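So the protein sequences, as listed, match chains A and B.
Taken in order, the first sequence gives residues 1 to 340; the numbers are from this note's numbering.
Taken in order, the second sequence gives residues 341 to 680; the numbers are from this note's numbering.
Glycine is no exception: its CB is placed at the ideal position from the N, C-alpha and C atoms.
Small disclaimer: the values here were computed from a predicted structure and weren't measured.
2 protein chains.
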Amino acid sequence: MQKAKVTISDVARAAGVSSSAVSYALNNKPGVSEATRDKVLQVADKLGWKPNSAAKALSDASTRCVGLVLTYATEVLSVESYTMELIAGLTSELETEGYSLVVRSSRSQESEIAVLKEWIATGAVDGVFLMNVELGDPRIDLLSHHPQMPVVLLCDTTLSGGLTALADDQRSAAHLLVDYCHELGHRSIARVAGPEYMGHTFIRDNAFVEETAELGLQYSCLHTDYSPSAGMRCTKRLLSLANRPTAIVYDNDVMAVAAMKMAADMDIRVPDELSIVSWDDSFLCAMSVPSITALSRDVVGRGRRAARMLLDVIAGKPVESYTDADSELVFRDSSGSIAA
Amino acid sequence: MQKAKVTISDVARAAGVSSSAVSYALNNKPGVSEATRDKVLQVADKLGWKPNSAAKALSDASTRCVGLVLTYATEVLSVESYTMELIAGLTSELETEGYSLVVRSSRSQESEIAVLKEWIATGAVDGVFLMNVELGDPRIDLLSHHPQMPVVLLCDTTLSGGLTALADDQRSAAHLLVDYCHELGHRSIARVAGPEYMGHTFIRDNAFVEETAELGLQYSCLHTDYSPSAGMRCTKRLLSLANRPTAIVYDNDVMAVAAMKMAADMDIRVPDELSIVSWDDSFLCAMSVPSITALSRDVVGRGRRAARMLLDVIAGKPVESYTDADSELVFRDSSGSIAA
DNA sequence: TTGTATGCGTTATCAA
DNA sequence: TTGATAACGCATACAA
Numbered sequence: 001m002q003k004a005k006v007t008i009s010d011v012a013r014a015a016g017v018s019s020s021a022v023s024y025a026l027n028n029k030p031g032v033s034e035a036t037r038d039k040v041l042q043v044a045d046k047l048g049w050k051p052n053s054a055a056k057a058l059s060d061a062s063t064r065c066v067g068l069v070l071t072y073a074t075e076v077l078s079v080e081s082y083t084m085e086l087i088a089g090l091t092s093e094l095e096t097e098g099y100s101l102v103v104r105s106s107r108s109q110e111s112e113i114a115v116l117k118e119w120i121a122t123g124a125v126d127g128v129f130l131m132n133v134e135l136g137d138p139r140i141d142l143l144s145h146h147p148q149m150p151v152v153l154l155c156d157t158t159l160s161g162g163l164t165a166l167a168d169d170q171r172s173a174a175h176l177l178v179d180y181c182h183e184l185g186h187r188s189i190a191r192v193a194g195p196e197y198m199g200h201t202f203i204r205d206n207a208f209v210e211e212t213a214e215l216g217l218q219y220s221c222l223h224t225d226y227s228p229s230a231g232m233r234c235t236k237r238l239l240s241l242a243n244r245p246t247a248i249v250y251d252n253d254v255m256a257v258a259a260m261k262m263a264a265d266m267d268i269r270v271p272d273e274l275s276i277v278s279w280d281d282s283f284l285c286a287m288s289v290p291s292i293t294a295l296s297r298d299v300v301g302r303g304r305r306a307a308r309m310l311l312d313v314i315a316g317k318p319v320e321s322y323t324d325a326d327s328e329l330v331f332r333d334s335s336g337s338i339a340a
Numbered sequence: 341m342q343k344a345k346v347t348i349s350d351v352a353r354a355a356g357v358s359s360s361a362v363s364y365a366l367n368n369k370p371g372v373s374e375a376t377r378d379k380v381l382q383v384a385d386k387l388g389w390k391p392n393s394a395a396k397a398l399s400d401a402s403t404r405c406v407g408l409v410l411t412y413a414t415e416v417l418s419v420e421s422y423t424m425e426l427i428a429g430l431t432s433e434l435e436t437e438g439y440s441l442v443v444r445s446s447r448s449q450e451s452e453i454a455v456l457k458e459w460i461a462t463g464a465v466d467g468v469f470l471m472n473v474e475l476g477d478p479r480i481d482l483l484s485h486h487p488q489m490p491v492v493l494l495c496d497t498t499l500s501g502g503l504t505a506l507a508d509d510q511r512s513a514a515h516l517l518v519d520y521c522h523e524l525g526h527r528s529i530a531r532v533a534g535p536e537y538m539g540h541t542f543i544r545d546n547a548f549v550e551e552t553a554e555l556g557l558q559y560s561c562l563h564t565d566y567s568p569s570a571g572m573r574c575t576k577r578l579l580s581l582a583n584r585p586t587a588i589v590y591d592n593d594v595m596a597v598a599a600m601k602m603a604a605d606m607d608i609r610v611p612d613e614l615s616i617v618s619w620d621d622s623f624l625c626a627m628s629v630p631s632i633t634a635l636s637r638d639v640v641g642r643g644r645r646a647a648r649m650l651l652d653v654i655a656g657k658p659v660e661s662y663t664d665a666d667s668e669l670v671f672r673d674s675s676g677s678i679a680a
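In structure tokens form, the structure reads like this:
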């Protein structure tokens, strides 16, 4: 059973040298002889010395932590896999440099802002990720006024207010989805979208309007809070229309699955009478009966890249905003041409 | 735009008092007059002072962080909602005391141990959670040798080696499940379990053997890695037996859903010819067609309680291990009596 | 009630 | 090449 806290002076004493010699030796810096260095390293290893993180942070002004605030309703968190996949990607890349992800949760944007302000003032993290960016998001304003805090946004570059962003190409994705429906022969399509105030919903909305107009398709859109119940409600409303859409795109997998259930309840056959497509792919889509055609993104890889970008910003390297364009449509059983 | 780093001496200078007076005032401690206190608070507020976390941690030997290592295959992480729900519960309770959750990821038990050793040696966190405890888990040994590091295990008390544990009552749950199948008239049941080396799998295994023997049921069990493909493979094997089981219990929701798909492929009707029950409830179970009968636990609440326990241990309060007994069976469409 | 001085464990500067 | 020593920012024991 080793001593709990081994300090640099313990090592110095044991090796019979001064604490600064130890510091040089351990940090691989010049200013110490080979013999001393070897001895110090040996002793430090035997004693199990590791630098105290608080002391190092105080001295360095660097914590080897980056922050992420989860601002979500618990119910959505537990149902969507997106956040967990993102965290998996973030932590796996951070791990390569021994960085930790510091997670806080909040239930409103105001309290998220409070956490961010705390981090800026206390220096508890070396950088932050911002997700779920909204139109005119006050967090962007906050971080723009504190350029010393490295930040990477997970949102479209048109929303990032000049801050470094990792975007994904929602416009191409929208076009891909609309074109696919068009090719299948659908002439009236609908979309059950996320909240109107979310940045990426806004981007998707515009892209959909643009592309459907171009192709002369009838298009309508309903906004939701992403919940299964909202997905069902909107589906019901759309399918009750006299001139109902023959294809519906859902902004997340959860609502698409819920819609499948609703269609079954209403005795509307999928895909013969209705095509269902999900903007997010997941196990849910693969397992649904019938399985759901979905736009698949590499969320874990996205997390990795975001982490890489933030580490680079922290390291002072020049980092450009980047737009992912890796989404692809996974064809499954929920979509097809309309039966004549 | 405020000054990035406001220190206690900035406040002292601006208020025209000494730094110790500021410290006393800000920490609500005696030893300073009301007038001075008010002035200090006012100035501190105006300057936006917050204590530097590294300095505070160094001085206090307390970081206001607790650690969690995610040791998972990425694929499983993205599919199961358990971890995300747990994190939601943990962070929400930690938030009440301004604590943060520090998340690291690892892909093997060895590297998780390395992270834990790092935390013990560097003092980067005030306490840790241990999940997915295995039989003879070396992490328990490690933490037993470092009693200064507060820890809460999420596992059965028989596995926790005397450390503080938040258990859930797997035995009662097993009995509940077996009794339910028995009451429905099933006489041959099977279980598709998690990995054999996992502590809670072991507990479940024993409880199942015990209870099925008691009721004179035929019982067989296959172990898996929790993945959908393993769930399918095992289901296929079980259903191909000459004397196949009429009810199968799955150790997680993902495999239960996968099994539903497999049963459909094999033209075996659920629940007429086969009852499917999941040990974990989730949105997946509710949305499956037919929906899946499942044992439901309050994972978020469990996370909250675990966090509360760890905070108490850190605060030096006496904390007893605790066993949750809140699981309940949610009856859905995947289970019933065998059609005659 | 107040200000001065010291410790926390590192890193970095500066004489020796 | 070395070993004191200051600095990081806060808390606190102690002296004024």
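Would you mind reading off the limits of the beta strand (DSSP E) that contains glycine 407 of chain B? 405-411
Determine the contact status of alanine 514 of chain B and glutamate 458 of chain B, defining contact as a CB-CB distance below 8 Å. no
When the Cα atoms are used, what is the spatial distance from alanine 530 of chain B to leucine 578 of chain B? 8 Å
Given 8 Å as the limit, is there contact between the region 136-145 of chain A and the region 167-187 of chain A, that is, 3 or more CB pairs closer than that? no
Counting Cβ pairs, one atom from each stretch, are 3 or more of them under 8 Å apart for the region 645-664 of chain B and the region 496-510 of chain B? yes
With 8 Å set as the bound, which would you pick, yes or no: does the beta-carbon of proline 478 of chain B sit closer than that to a beta-carbon of chain A? no
How many angstroms separate the CA atom of proline 30 of chain A from the CA atom of valine 40 of chain A? 14 Å
Among A:Val300, A:Val6, A:Pro290, which one has its Cα closest to the Cα of asparagine 52 of chain A? A:Val6
For the alpha helix (DSSP H) holding cysteine 155 of chain A, just list the boundary residues, first then last. Per DSSP, cysteine 155 of chain A belongs to no alpha helix (DSSP H) and is neither H nor E.
Show which residues of chain A have a CB atom less than 7 Å away from the CB atom of asparagine 472 of chain B. The premise fails here: asparagine 472 of chain B is roughly 15 Å from chain A at the closest Cβ pair, so nothing lies under 7 Å.
If you follow the alpha helix (DSSP H) that isoleucine 543 of chain B is part of, which residue opens it and which one closes it? 539-555
Tell me the start and end of each unbroken alpha helix (DSSP H) in the region 254-295 of chain A that is at least 4 residues and wholly inside, in chain order. 283-287
Inter-residue spacing [alpha-carbon to alpha-carbon] between glutamate 93 of chain A and glycine 216 of chain A: 44 Å
What do you get for leucine 624 of chain B, buried or exposed, if any count of 16 or more other CB atoms within 10 angstroms of its CB means buried? buried
Within the same chain, show all residues whose beta-carbon is closer than 6 Å to that of valine 282 of chain A, passing over the 5 residues directly before and after it, in chain order. This sequence places serine at residue 282 of chain A; valine is not what is there. Result list for serine 282 of chain A: Ser81, Asp253, in chain order.
Valine 330 of chain A CB to nearest chain B CB: under 8 Å? no
Would you report the Cα separation of leucine 310 of chain A and glutamate 95 of chain A, rounded to the nearest angstrom? 13 Å
Taking 8 Å as the threshold, find out whether the region 607-617 of chain B comes into contact with the region 264-282 of chain A through three or more Cβ pairs. no
Leaving out five residues before and five after tyrosine 226 of chain A in sequence, what residues of the same chain have Cβ atoms less than 8 Å from its Cβ? Val76, Glu80, Gly194, Pro195, Asp251, Asn252, Val254, Met255
Residues within the region 561-588 of chain B neighbouring chain A, beta-carbon criterion of under 9 Å: Pro568
Tell me which residue opens and which closes the alpha helix (DSSP H) that arginine 584 of chain B is part of. Careful: arginine 584 of chain B lies outside any alpha helix (DSSP H) and carries neither H nor E.
Verify the CB distance criterion: does threonine 91 of chain A have a CB-CB separation below 8 Å to chain B? yes
Thinking C-alpha only, which one of A:Val66, A:Ser108, A:Asn132, A:Ser105 is nearest arginine 444 of chain B? A:Val66
Please confirm whether cysteine 495 of chain B and histidine 540 of chain B have their CB atoms less than 8 Å apart. yes
Which same chain residues, not among the five before or five after serine 337 of chain A, have their C-beta less than 7 Å away from its C-beta? Leu184, Gly185
Give me the chain A residues within the contact set of isoleucine 654 of chain B, using Cβ-Cβ distance strictly less than 7 Å, ordered along the chain. Correct list: empty, because the minimum Cβ distance to chain A is about 15 Å.
Selected residue, minimal CA-CA separation from alanine 401 of chain B, among B:Ala464, B:Val653, B:Pro568, B:Ala598: B:Ala464
Find the nearest neighbour of valine 468 of chain B within the set B:Thr431, B:Glu374, B:Val409, judged by alpha-carbon distance. B:Val409
As assigned by DSSP and simplified to three states, the class of histidine 563 of chain B: strand
For tyrosine 422 of chain B, which residues does DSSP report across the bridge? Beta-bridge pairing links tyrosine 422 of chain B to no other residue.
Taking the alpha-carbon positions, what's the glutamate 134 of chain A to valine 152 of chain A distance? 15 Å
Got a sec: is the Cβ-Cβ distance from lysine 317 of chain A to anything in chain B below 8 Å? no
DSSP three-state assignment for glycine 476 of chain B, whether helix, strand or coil: coil
Kindly examine the ligand COA and report whether one of its heavy atoms sits closer than 7 Å to the Cβ of glycine 336 of chain A. Looking at this structure, you won't find the ligand COA or any other ligand, since it has none at all.
At least one CB of chain B closer than 8 Å to the CB of arginine 308 of chain A: is that the case? no
Should asparagine 546 of chain B be flagged as near chain A, meaning a C-beta pair shorter than 8 Å? no
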